[in-house]
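**Student:** For the record, the sequence lines run as chains A and B. Per the numbering used here, residue 1 is the first one in the first sequence, and the count goes up by one each step. Per the numbering used here, residue 167 is the first one in the second sequence, and the count goes up by one each step.
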Amino acid sequence: MRQIKRRIYPIEENCMGCRLCEVACAVEHSRTKDPIAAFLEEDWEPFSHTVVEMMGPISFSLSCRHCDEPYCVEACISGALRVEDDGRVVVYEEVCVACGMCVVSCPWGAIKPRKRNGVVKAAKCDLCPDREVPACVAACPNRALIFDTALGPGLEKVEEEEIIEG
Amino acid sequence: MLYDSVFVFPNFEVERNYERCIVCKACVQQCTFDATFYLPYRGRVVSKDTNCVGCRRCEAICPTGAIKIRRYQGEFKENAYWTPRDLKDLYKQAEQGGVILTGGGNDRPYPIYWDHILLDACQVTNPSIDPLREPMELRTYLGRKPDRVEIEYNDEGEPELKTRIGPNLVAEVPVIFAPMSYGALNLNMHRAEAAAAKAMGTYWNTGEGGLHRELYPYGDHTIVQVASGRFGVHAEYLQVSAAMEIKIGQGAKPGIGGHLPGGKVDEEISKTRMIPVGSDALSPAPHHDIYSIEDLRQLIYALKEATNYEKPVSVKIAAVHNVAAIASGIARAGADIIVLDGFRGGTGASPAIVRDNVGIPIEMALAAVDQRLRDEGIRNWVSIIAAGGIRNSGDVIKAVALGADAVYIGTAALLAVGCTLCHKCYTGKCAWGITTNDPYIAKRLNPEIAAERLTNLLKAWAHEMKEMLGLMGINAIESLRGNRLRLRAVGLTREEMDILGILPAGA
Ligand code: SF4
Ligand code: SF4
Numbered sequence: 001m002r003q004i005k006r007r008i009y010p011i012e013e014n015c016m017g018c019r020l021c022e023v024a025c026a027v028e029h030s031r032t033k034d035p036i037a038a039f040l041e042e043d044w045e046p047f048s049h050t051v052v053e054m055m056g057p058i059s060f061s062l063s064c065r066h067c068d069e070p071y072c073v074e075a076c077i078s079g080a081l082r083v084e085d086d087g088r089v090v091v092y093e094e095v096c097v098a099c100g101m102c103v104v105s106c107p108w109g110a111i112k113p114r115k116r117n118g119v120v121k122a123a124k125c126d127l128c129p130d131r132e133v134p135a136c137v138a139a140c141p142n143r144a145l146i147f148d149t150a151l152g153p154g155l156e157k158v159e160e161e162e163i164i165e166g
Numbered sequence: 167m168l169y170d171s172v173f174v175f176p177n178f179e180v181e182r183n184y185e186r187c188i189v190c191k192a193c194v195q196q197c198t199f200d201a202t203f204y205l206p207y208r209g210r211v212v213s214k215d216t217n218c219v220g221c222r223r224c225e226a227i228c229p230t231g232a233i234k235i236r237r238y239q240g241e242f243k244e245n246a247y248w249t250p251r252d253l254k255d256l257y258k259q260a261e262q263g264g265v266i267l268t269g270g271g272n273d274r275p276y277p278i279y280w281d282h283i284l285l286d287a288c289q290v291t292n293p294s295i296d297p298l299r300e301p302m303e304l305r306t307y308l309g310r311k312p313d314r315v316e317i318e319y320n321d322e323g324e325p326e327l328k329t330r331i332g333p334n335l336v337a338e339v340p341v342i343f344a345p346m347s348y349g350a351l352n353l354n355m356h357r358a359e360a361a362a363a364k365a366m367g368t369y370w371n372t373g374e375g376g377l378h379r380e381l382y383p384y385g386d387h388t389i390v391q392v393a394s395g396r397f398g399v400h401a402e403y404l405q406v407s408a409a410m411e412i413k414i415g416q417g418a419k420p421g422i423g424g425h426l427p428g429g430k431v432d433e434e435i436s437k438t439r440m441i442p443v444g445s446d447a448l449s450p451a452p453h454h455d456i457y458s459i460e461d462l463r464q465l466i467y468a469l470k471e472a473t474n475y476e477k478p479v480s481v482k483i484a485a486v487h488n489v490a491a492i493a494s495g496i497a498r499a500g501a502d503i504i505v506l507d508g509f510r511g512g513t514g515a516s517p518a519i520v521r522d523n524v525g526i527p528i529e530m531a532l533a534a535v536d537q538r539l540r541d542e543g544i545r546n547w548v549s550i551i552a553a554g555g556i557r558n559s560g561d562v563i564k565a566v567a568l569g570a571d572a573v574y575i576g577t578a579a580l581l582a583v584g585c586t587l588c589h590k591c592y593t594g595k596c597a598w599g600i601t602t603n604d605p606y607i608a609k610r611l612n613p614e615i616a617a618e619r620l621t622n623l624l625k626a627w628a629h630e631m632k633e634m635l636g637l638m639g640i641n642a643i644e645s646l647r648g649n650r651l652r653l654r655a656v657g658l659t660r661e662e663m664d665i666l667g668i669l670p671a672g673a
């Protein structure tokens, strides 16, 4: 039974295109979680799941929407992508065969192949399971990312709506 | 450097620690002055010191603390008379043959009288008040007060006020956001000022560029300006306002007009200022219909007539030599509020030579005007707002004791939302997104965050002011106004103390 629907919403009017969200994402998903080591010293390539799209004065940071009925989950041939109880769409790396179906099926371009330790696997936003507020939201200096932990439509057990701004 | 003029010496040095730089390029993206580049063939981010204006945006945004902006280390031969700034300005003029422009306020080392004034406190014989236990009032009424108050008794024998009291502004904190136009600032800053003024029960001032329609709902907290260019002035603009202000002069550039370059006049500014897109907005130096106190009176009454005598009219002048006599004339012309703008006041753009050499300190102007109006028995006709270089709540309290009813804060408000006083406002490229209308850069000023920061600033000052009133044993700011006995001077001459109307410490 899914209880909460957590999502990161980009606010286009506030995004100034600094890409600190990308830095934060890459750091959070590094071995050491240390900004300098993650980029300069680790054997893992820094990799951000969120991507800042820019055109002229318009920019916003786009990551997985954690859709209610995700195309990627449908497209996955090996069952490596699943919707968790808490609404997160998650990659089970050990099952992923790197066929790339999810990458082409995602209308947001939010899944990308990532090479680590010589193996390619699908990689996408996991809403930072180790953090209360996702790294990108916490790092954004201009509140251009909002973490919404409200219940999605049709879901029960509303406790309280909480919006955390970064 | 190669291809640069040999006469260009940098003001700042961008020091980047390559052990920390992760080449995220945030600094490149945030620098609006082309001082920082990514060189793909070196895989490095590098800087061009001669372009750095010292705004420190890159330093603030760098996620690894890799950047330090330092004063340029290279030095000219020591000279106590010719400062490096004089030399660089002179080289620049010899190169370009033009007026040197600047933004912000006068930063030269003239005396700061605030820092020569100390406050009194209660001890033993006159108890101080604890503002946390007892009510403490900062509410201030701005506008004309009657010469005397008459009471009449109604049928039930209860007293009622017979005297009609003219329109007054009610400020819960005697701190108002100074006039800074839409054009010089962007709409995000105006949005933030309006929201903060409303939240704190005080006012903000549109400056001379009109009021964007989106902000009409904040009219009750808005002072609208009528300046020499008459930009954006129309019946509705006057009607939505809380008060109207005739701008005669500005502390940063007394006696000269304004110029908003056509490049800054986009669709929205054009609609608000009521001028064509891309046309220069030139504010003449004087109002071409005001050459005397009588002319000023006509405009004051035209504004009052247009708004049914329901709103106070303020007149803002720069603090200049003859300020007391001028203020007396303004009071007699029918103004309800006089704004005195001292020589430290800021500007969006001014010739540096004017900003740095014209005007007088607000402390002197304020004391002189307050005294003159009292001597003439007309102090109650007007409220006085002191502007131009108010830095903290201590300055506010001292200004009130010297005779101000309230103060304007401009530079302080900009600082609250990120300004680092780089004084490049006139370029329209403010890297903190404040004095720019480039939609790409203006996004950096999130109006919601800015409004919160402005509100916090006023809250903090209000709290401190209550503490200072309490220690002086005063429970309402109105009781401190003009109470110069609670001030003492340190390190001032007899003449200076006479003008300020305060005694030396120990007396
Ligand atoms: S950190 Fe915030 S402002 Fe910067 S690019 Fe990401 S979303 Fe935009
Ligand atoms: S912001 Fe800091 S880490 Fe990023 S490129 Fe600039 S100096 Fe390097």
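All residues carry an ideal CB built from backbone N, CA and C; glycine is no exception. Note that the structure is predicted; figures quoted are calculated from it, not measured.
#1: The segment 591–603 of chain B: which residues have C-beta closer than 9 Å to a C-beta of chain A, in chain order?
#2: For Gly152/A and Pro35/A, I'd like the C-alpha separation in whole angstroms.
#3: Using a C-beta cutoff of 8 Å, does Glu13/A count as contacting chain B?
#4: To the nearest angstrom, how far is it from the Cα of Glu93/A to the Cα of Ser78/A?
#5: What would DSSP say about Leu168/B, mapped onto helix, strand or coil?
#6: Measure the CB-CB distance between Thr329/B and Glu316/B and report whether it falls below 8 Å.
#7: Since Arg19/A meets chain C, which of its residues come closer than 8 Å, beta carbon to beta carbon?
#8: Per DSSP, what kind of secondary structure is Lys419/B in: helix, strand or coil?
#9: Label Gln196/B either buried or exposed according to how many other C-beta atoms from any shown protein chain fall within 10 Å of its C-beta, with 16 as the threshold for buried.
#10: For the segment 222–239 of chain B, enumerate the residues whose C-beta is nearer than 7 Å to any C-beta of chain A, in chain order.
#11: For Gly372/B and Pro340/B, which I take to be in contact (beta-carbon distance under 8 Å), what is that distance rounded to the nearest angstrom?
#12: Rounding to the nearest angstrom, what Cα-Cα distance links Phe509/B and Asp522/B in this structure?
#13: What are the residues that DSSP puts in a beta bridge with Ile58/A?
#14: So which residues of chain B does Val23/A contact, with C-beta pairs closer than 8 Å?
#15: Taking Cβ positions only, does Pro605/B come closer than 8 Å to chain A?
#16: First and last residue of the beta strand (DSSP E) that includes Ser480/B?
#17: What are the residues in the segment 611–626 of chain B lying within 8 Å of chain A by C-beta distance?
#18: Please state whether DSSP places Ile11/A in a helix, a strand or coil.
#19: Can you check DSSP and say which residues form a bridge with Val89/A?
#20: Taking 8 Å as the cut-off, decide whether the C-beta atoms of Ala167/A and Pro46/A are in contact.
#21: Would you mind giving the Cβ-Cβ distance between Gly421/B and Ala447/B, rounded to the nearest angstrom? I have them listed as a contact below 8 Å.
#22: Heavy atom of ligand 1 less than 7 Å from the Cβ of Asn558/B, yes or no?
#23: Could you check if Ala673/B is buried or exposed, using at least 16 other CB atoms within 10 Å of its CB as the buried criterion?
#24: Grouping DSSP H, G and I as helix and E and B as strand, with all else coil, what is Ala148/A?
#25: Could you check which residue in Glu529/B, Glu460/B, Gly636/B and Ile295/B has the C-alpha nearest to that of Tyr276/B?
#26: Buried or exposed: Lys157/A, going by 16 or more other Cβ atoms within 10 Å of its Cβ?
#27: Of all the CB atoms in chain B, is at least one closer than 8 Å to the CB of Arg143/A?
#28: With DSSP collapsed to three states, give me the class of Ser394/B.
#29: For Phe39/A, return the contacting residues in chain B, with the cut-off set at a CB-CB distance below 7 Å.
#30: Between Ser63/A and Pro134/A, what straight-line distance do the alpha-carbon atoms span, to the nearest angstrom?
#31: With distance defined between alpha-carbon atoms, name the residue in Tyr384/B, Leu335/B and Glu303/B nearest to Met634/B.
#32: Decide if Gln262/B is buried, meaning its Cβ has at least 16 other Cβ atoms within 10 Å, or exposed.
#33: Among the candidates Lys419/B, Val431/B, Thr438/B and Ile412/B, whose CA atom is the shortest distance from the CA of Phe397/B?
#34: Note down the Cα distance separating Glu181/B from Lys234/B, rounded to an integer number of angstroms.
**Tutor:** Quick look at the numbers:
#1: Those would be Gly599, in chain order.
#2: For Gly152/A, the predicted model reports a pLDDT of 48, less than 50, meaning its position is unreliable; a value from the coordinates is still stated below. Their Cα atoms are separated by approximately 34 Å.
#3: It does; some Cβ of chain B falls within 8 Å.
#4: In this structure, the straight-line span from the alpha carbon of Glu93/A to that of Ser78/A is close to 11 Å.
#5: Correct three-state label for Leu168/B: coil.
#6: The Cβ atoms of Thr329/B and Glu316/B sit closer than 8 Å to each other.
#7: Within the model displayed, chain C is absent; protein chains A and B are what it includes.
#8: Lys419/B: coil per DSSP, three-state reduction.
#9: If you draw a 10 Å sphere on the C-beta of Gln196/B, you find 16 or more other C-beta atoms in it, and that means buried.
#10: Those residues of the segment 222–239 of chain B placed with their C-beta closer than 7 Å to a C-beta in chain A are Ile227, Pro229 and Thr230, ordered along the chain.
#11: Inspection of the sequence shows that residue 372/B is occupied by Thr rather than by Gly. So it is not a contact: roughly 20 Å between Cβ atoms.
#12: Rounded to the nearest whole angstrom, the CA to CA distance from Phe509/B to Asp522/B is 8 Å.
#13: Answer by DSSP bridge pairing, in chain order: Met55/A.
#14: Near Val23/A (Cβ distances below 8 Å), the residues of chain B are Ile188, Cys190, Ala192 and Pro229.
#15: With 8 Å as the cut-off, Pro605/B counts as an interface residue toward chain A.
#16: Counting along the chain, the beta strand (DSSP E) containing Ser480/B begins and ends at Val479 to Ala484.
#17: Result list: Asn612, Glu614 and Ile615.
#18: Secondary structure at Ile11/A: coil, using DSSP grouped into helix, strand and coil.
#19: Partner residues in the beta bridge of Val89/A, as assigned by DSSP, are Val83/A.
#20: What is shown of chain A runs 1 to 166, which leaves residue 167/A out entirely.
#21: The Cβ separation is near 19 Å, so there is no contact.
#22: No, ligand 1 has no heavy atom inside 7 Å of this Cβ.
#23: Looking at its Cβ environment, which holds fewer than 16 other Cβ atoms inside 10 Å, Ala673/B is exposed.
#24: The identity of residue 148/A in the sequence shown is Asp, whereas the question assumes Ala. Correct three-state label for Asp148/A: strand.
#25: Tyr276/B has its Cα closest to that of Glu529/B, out of Glu529/B, Glu460/B, Gly636/B and Ile295/B.
#26: Because the pLDDT of Lys157/A is 42, which lies under 50, any placement of that residue in the model is unreliable, and the number read from its coordinates should be weighed accordingly. Counting of Cβ neighbours within 10 angstroms places Lys157/A among the exposed residues, the total staying below 16.
#27: Residue contact check for Arg143/A against chain B: a CB pair falls below 8 Å.
#28: The answer is coil: DSSP assigns Ser394/B none of H, G, I, E or B.
#29: Under the 7 Å cutoff, chain B gives Ile188.
#30: Distance between the alpha carbons of Ser63/A and Pro134/A: 11 Å.
#31: Nearest option by C-alpha distance: Glu303/B.
#32: Gln262/B is exposed by the Cβ-count criterion.
#33: Taking only the C-alpha atoms, the option nearest Phe397/B is Thr438/B.
#34: Across the structure, Glu181/B and Lys234/B are spaced so that their CA atoms are roughly 5 Å apart.
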